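Take any residue in the sequence shown, count from 1 to its spot, add 311: that is its number in my numbering.
Backbone N, C-alpha and C fix where the C-beta goes; we use that ideal spot for every residue, glycine too.
All values reported here derive from a predicted model rather than from experimental measurement.
First comes the structure, then the notes that go with it.
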Amino acid sequence: MIKAIVGRIHYRKSRSKEAAKECRIILSIVESARPNGMPEGIGEDCKLEEMFHKALELLPALWTKAGLLDGAIASYLGALVRPWNLHPQNLAGVQKKLASMLLYSAVEARHPLPASSQSNIEEAILLLFVLMSKVACGEIKWDEEIMYHLTYALSIVGQFELLAEYVEQVLPGVYTRAERWYLLALCYSAASQNEAALNLLKKVSGCSESKHKPHIPSFLLGAKFCSQDPTHAQEGIDFAPRVSLSDSERFLLHKESVNSLNNAALNRNEDQEVMYSLGLKKMVQRNLGAAFDNAIVCSQMMAGNTVKGWKLLVLVVSAEQRFRDAQTVVEFSLDVAGRIEQFDLLRLKAVLQIAQEQPKQAIETYRILLSLIQAQRDIQAKNPEQTHIFKPEVLAERNLELAAWQDLTDMYTKIGSWGDAKICVEKAKLIEFHSPTRWHSTGMLFESQSLHKEALVSLSVSLSMEPDYVPSIVATAEVLMKLTMTSPSGSEG
Numbered sequence: 312m313i314k315a316i317v318g319r320i321h322y323r324k325s326r327s328k329e330a331a332k333e334c335r336i337i338l339s340i341v342e343s344a345r346p347n348g349m350p351e352g353i354g355e356d357c358k359l360e361e362m363f364h365k366a367l368e369l370l371p372a373l374w375t376k377a378g379l380l381d382g383a384i385a386s387y388l389g390a391l392v393r394p395w396n397l398h399p400q401n402l403a404g405v406q407k408k409l410a411s412m413l414l415y416s417a418v419e420a421r422h423p424l425p426a427s428s429q430s431n432i433e434e435a436i437l438l439l440f441v442l443m444s445k446v447a448c449g450e451i452k453w454d455e456e457i458m459y460h461l462t463y464a465l466s467i468v469g470q471f472e473l474l475a476e477y478v479e480q481v482l483p484g485v486y487t488r489a490e491r492w493y494l495l496a497l498c499y500s501a502a503s504q505n506e507a508a509l510n511l512l513k514k515v516s517g518c519s520e521s522k523h524k525p526h527i528p529s530f531l532l533g534a535k536f537c538s539q540d541p542t543h544a545q546e547g548i549d550f551a552p553r554v555s556l557s558d559s560e561r562f563l564l565h566k567e568s569v570n571s572l573n574n575a576a577l578n579r580n581e582d583q584e585v586m587y588s589l590g591l592k593k594m595v596q597r598n599l600g601a602a603f604d605n606a607i608v609c610s611q612m613m614a615g616n617t618v619k620g621w622k623l624l625v626l627v628v629s630a631e632q633r634f635r636d637a638q639t640v641v642e643f644s645l646d647v648a649g650r651i652e653q654f655d656l657l658r659l660k661a662v663l664q665i666a667q668e669q670p671k672q673a674i675e676t677y678r679i680l681l682s683l684i685q686a687q688r689d690i691q692a693k694n695p696e697q698t699h700i701f702k703p704e705v706l707a708e709r710n711l712e713l714a715a716w717q718d719l720t721d722m723y724t725k726i727g728s729w730g731d732a733k734i735c736v737e738k739a740k741l742i743e744f745h746s747p748t749r750w751h752s753t754g755m756l757f758e759s760q761s762l763h764k765e766a767l768v769s770l771s772v773s774l775s776m777e778p779d780y781v782p783s784i785v786a787t788a789e790v791l792m793k794l795t796m797t798s799p800s801g802s803e804g
């Protein structure tokens, strides 16, 4: 009889609901005959056991295919509440599938045991704990999906330190040492233990890993942590260069990224982000003709939504030294831009005017920009209860104001208007004292007045804040050469 029912199940697989009902008949027959489960003494070649096990694993799959997830969950639970003598790997498969369904199905499980009051997530976590212990004991093979599910489940409930413990329990050989330290660092970082995370990431850059392939995500994460704490600034400087690949690797990756974007553009020719990224990449490659075409298409696709496409077009046209045309595009896009975008475009317009050697027009554009920023600041001051709404805008406006004063400082320095340059650099100082760009501008102001020693001091301050700031490195070398030439020992040589 059971064999006949199994035959009907396979015949009706295309009709999942009917097949599930037939499968349920087999399980009911065996469950009524053996209410306490199936003893281990039954031989491995027992056909009854083999067919029953097939039905046990097939039923939840049929309910799932029929779209009845509550039935699938109930079937998985039914397979686990009694000892049915399943092979350990098959039993683990049932437990894993139940855990994933409890996590992702959005259907609340009705447990066959009334005493159970756990939620879906709690039930899933317990199942995954059992599976991880089986992996650790060697009872079942390593399955990365178990770790993925456990990571997701413990992240939902905020148990990141517990997740770190399970990462540490993973047997050697599954992860490389760098991968293990990186995963642990992510766990401790999520648990707000950045110091512990950073100590783990330092191991990745240690001598023991020097012969292995660089683990770029670890270096990036380490540099990020260091940038958030001034006391680790020097370590951050050590982390950052390790991210850099060789020129050949960088060229190959860049070529692959452009090819991927080209394929994406062919398949998704209406995706404005793809067109924008492709145009940007082409511009970096100095393929300005293709970049111009992409920028035109992108700006047309983004019309009325954002000025990002217009800004890309401005950059491409500027790279071709067509500053007047670039300024025309900026003036056009000002009419469709939002407030913050308008501020950004005004600064871009002023920079283009400087490039065209139009200092008076640039000064007027900067005056308008700074007046608008001040007016917006006054509005924000009158509405202190809306501070949380204005916060992102305030930061953007502050950065633009700082950039405007620094641009003016550089421009006045270049034309020899040192008094105006000094006023502008002091304005920038009030906004951001610890800025390598501001100290570099101060150094250039001193240098333009042949005050080489004062210039060297300012440039040294700039480099103390950002040792790899290239403009200050170059300027320092030039000032040192001039100091050597003007010194008594230099003149004697």
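For residue 680, count the other beta carbons within 10 Å of its own beta carbon; 16 or more makes it buried, fewer makes it exposed. Which is it? Counted from its first residue, the sequence shown places residue 680 at position 369. Its Cβ being crowded by 16 or more others within 10 Å, residue 680 is buried.
Note down, one range per segment and in chain order, each alpha helix (DSSP H) of at least 4 residues found wholly within the segment 370 to 444. Secondary structure within the segment 370 to 444: the alpha helix (DSSP H) runs of 4 or more consecutive residues, fully enclosed, are 380 to 391 and 399 to 415 (chain order).
Give me the residue from 783, 658, 751 and 793 with the minimum Cα distance to residue 763. Counted from its first residue, the sequence shown places residue 763 at position 452. When each option's Cα is compared against that of residue 763, the closest is 793.
Assign residue 733 to one of three DSSP states: helix, strand, or coil. To locate residue 733, count along the sequence shown from 1; it is residue 422. Annotated three-state conformation of residue 733 is helix, per DSSP.
Roughly how many whole angstroms lie between the Cα atoms of residue 771 and residue 716? Taking the sequence shown and counting its residues from 1, the one referred to as residue 771 is at position 460. Taking the sequence shown and counting its residues from 1, the one referred to as residue 716 is at position 405. For residue 771 and residue 716, the distance between alpha carbons rounds to 21 Å.
Determine the closest residue to residue 742 out of 430, 709 and 620, with distance taken between C-alpha atoms. By 1-based counting over the sequence shown, the position of residue 742 is 431. That would be 709, whose Cα lies nearest to the Cα of residue 742.
How about residue 790 and residue 754: are their beta carbons less than 9 Å apart? Locating residue 790 in the sequence shown gives position 479, where the first residue counts as 1. Locating residue 754 in the sequence shown gives position 443, where the first residue counts as 1. Yes.
Residue burial classification, residue 745 (beta-carbon count within 10 angstroms, cutoff 16): Counting from one through the sequence shown, the residue named residue 745 turns up at place 434. So residue 745 ends up on the exposed side.
Nearest to residue 583 by alpha carbon, out of 592, 432, 598 and 605? Stepping through the sequence shown from its first residue, residue 583 is reached at position 272. Taking each of 592, 432, 598 and 605 in turn and checking the Cα distance to residue 583, the smallest one comes out for 605.
Are the CB atoms of residue 594 and residue 630 nearer to each other than 9 Å? Here residue 594 refers to the residue found at position 283 when the sequence shown is read from its first residue. Here residue 630 refers to the residue found at position 319 when the sequence shown is read from its first residue. Contact: yes.
What residue ranges within the segment 592 to 645 form continuous alpha helix (DSSP H) runs of no fewer than 4 residues, ordered along the chain? Listed in chain order, the complete alpha helix (DSSP H) runs (minimum 4 residues) inside the segment 592 to 645 are 599 to 612, 619 to 630 and 634 to 645.
Starting from residue 677, follow the alpha helix (DSSP H) in both directions and report where the run begins and ends. The count along the sequence shown starts at 1 and reaches residue 677 at position 366. Looking at the DSSP string, the run of the alpha helix (DSSP H) that includes residue 677 is 670 to 692.
List the endpoints of the continuous alpha helix (DSSP H) containing residue 530. In the sequence shown, the residue the question calls residue 530 occupies position 219. Segment 527 to 538, the alpha helix (DSSP H) holding residue 530.
Looking only at its own chain, which residues have a Cβ that is under 8 Å from the Cβ of residue 426, when we skip the five neighbours before and after it? The count along the sequence shown starts at 1 and reaches residue 426 at position 115. Only weak support is given to the placement of residue 426: the predicted model assigns it a pLDDT of 49, under 50, and the question is left unresolved by the model.
Contacts around residue 788, its chain only, beta-carbon distance under 7 Å, and the 5 residues preceding and following it disregarded: Here residue 788 refers to the residue found at position 477 of the sequence shown. So no residue of the chain qualifies.
Compute the distance between the beta-carbons of residue 739 and residue 651, then report whether it is under 9 Å. Within the sequence shown, numbered from 1, the residue matching residue 739 stands at position 428. Within the sequence shown, numbered from 1, the residue matching residue 651 stands at position 340. It is not a contact, given that the beta carbons lie outside the stated cut-off.
Do residue 663 and residue 647 have their C-beta atoms within less than 9 Å of each other? Translated into positions along the sequence shown, residue 663 becomes position 352. Translated into positions along the sequence shown, residue 647 becomes position 336. Between residue 663 and residue 647, the gap from beta carbon to beta carbon reaches 9 Å or more.
Would you mind stating whether residue 399 and residue 383 have Cβ atoms separated by less than 9 Å? On the sequence shown, residue 399 is found 88 positions in, with the first residue counted as 1. On the sequence shown, residue 383 is found 72 positions in, with the first residue counted as 1. It is not a contact, given that the beta carbons lie outside the stated cut-off.
Do residue 478 and residue 448 have their CB atoms nearer than 9 Å? As a working note, residue 478 is residue 167 in the sequence shown. As a working note, residue 448 is residue 137 in the sequence shown. No Cβ-Cβ contact shorter than 9 Å links residue 478 with residue 448.
Starting from residue 745, follow the alpha helix (DSSP H) in both directions and report where the run begins and ends. To locate residue 745, count along the sequence shown from 1; it is residue 434. Looking at the DSSP string, residue 745 is not in any alpha helix (DSSP H), and its letter there is neither H nor E.
Just to confirm before moving on: does the CB-CB distance between residue 407 and residue 380 stay below 9 Å? Residue numbering aside, residue 407 sits at position 96 when the sequence shown is read from its first letter. Residue numbering aside, residue 380 sits at position 69 when the sequence shown is read from its first letter. No, these two residues do not count as a Cβ contact at 9 Å.
Assigned secondary structure, residue 721 (DSSP; H/G/I helix, E/B strand, else coil): Walking along the sequence shown from the start, residue 721 turns up at place 410. Residue 721 sits in a helix when the DSSP states are folded into three classes.
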